[in-house]
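A.B. asks: I'd like to ask some things about the structure below.
In the working numbering, the protein residues as written are 198 to 457.
In structure tokens, the structure reads:
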């Protein structure tokens, strides 16, 4: 009887462990797909390939948060696996009660203080990045662009140049020695829109009757895809191109951002 019970217990342990490992493998596989290099025929925007200062700040923060949460996951998973294997139900001790730790001051302090410290660290790291991005000074060489979201297209205005374009945003590459960031004023003509180029900056919403702002400083020319983050209807296929190149040779060295 004991042997049959032990075999049944180990079957449950193996089954649960296999399920957890499959789930962990799926998570790692999904993370690998997000970080994989896209092919030239299907370029997919990724925050793990930043080409601008705001995007780099967000990338480093994301890696930091993922590292902390990975450590937490490994600790919890290890303790759970140990408890499942070590204290699995045994017929010999089915009537006995495990040692009670209710009221342990040390344990209660540990599971209260440690989560608070983790939350404080994550909060400070996030607040630091938000402050660095949102309160960045605007240099005299900055390019100003007004982006207006429409159903179902984008309007870009260059006040200093008196130019208006549709669905294509042209901004210069910003040299660290001679920074030329682009500051965008974000407006909406009708409904909520989202301006998001993952490789250049974080997502910022365009809200009717409200002015939002963001900035980017691309470090190299190229084609950068924007990601549509709002569902505006089944007929929506927003296409937004950001042409990024040197201030003197934008026509020759350009990079585009496509919203789809």
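Glycine included, each C-beta is placed from N, C-alpha and C at the ideal position.
With DSSP as the reference, label residue 325 as helix, strand or coil.
C.D. replies: In this structure, residue 325 counts as helix in the three-state DSSP scheme.
A.B. asks: What separation, rounded to the nearest whole angstrom, lies between the Cα atoms of residue 425 and residue 346?
C.D. replies: Taking the straight line from one Cα to the other gives about 12 Å.
A.B. asks: Where residue 379 and residue 372 are concerned, what is the direct C-alpha to C-alpha distance, given to the nearest angstrom?
C.D. replies: When rounded, the distance between both Cα atoms is 12 Å.
A.B. asks: Can you tell me where the beta strand (DSSP E) holding residue 382 begins and where it ends?
C.D. replies: It spans 379-385 - the beta strand (DSSP E) in which residue 382 sits, taken as one unbroken run.
A.B. asks: Identify whether residue 404 lies in helix, strand or coil by the three-state DSSP scheme.
C.D. replies: Coil.
A.B. asks: Give me the Cβ distance between residue 327 and residue 251, rounded to the nearest whole Å; I'm assuming they're in contact under 8 Å.
C.D. replies: 11 Å between Cβ atoms; not a contact.
A.B. asks: Whole angstroms are fine: how far does the CA of residue 412 sit from the CA of residue 262?
C.D. replies: Distance between the alpha carbons of residue 262 and residue 412: 23 Å.
A.B. asks: Would you kindly work out how many angstroms separate the C-alpha atoms of residue 226 and residue 270, rounded to a whole number?
C.D. replies: When rounded, the distance between both Cα atoms is 16 Å.
A.B. asks: Who are residue 318's beta bridge partners in DSSP?
C.D. replies: Bridge partners of residue 318: none, in fact.
A.B. asks: Hey, how far is the Cα of residue 253 from the Cα of residue 423?
C.D. replies: So the alpha carbons of these two residues sit roughly 16 Å apart.
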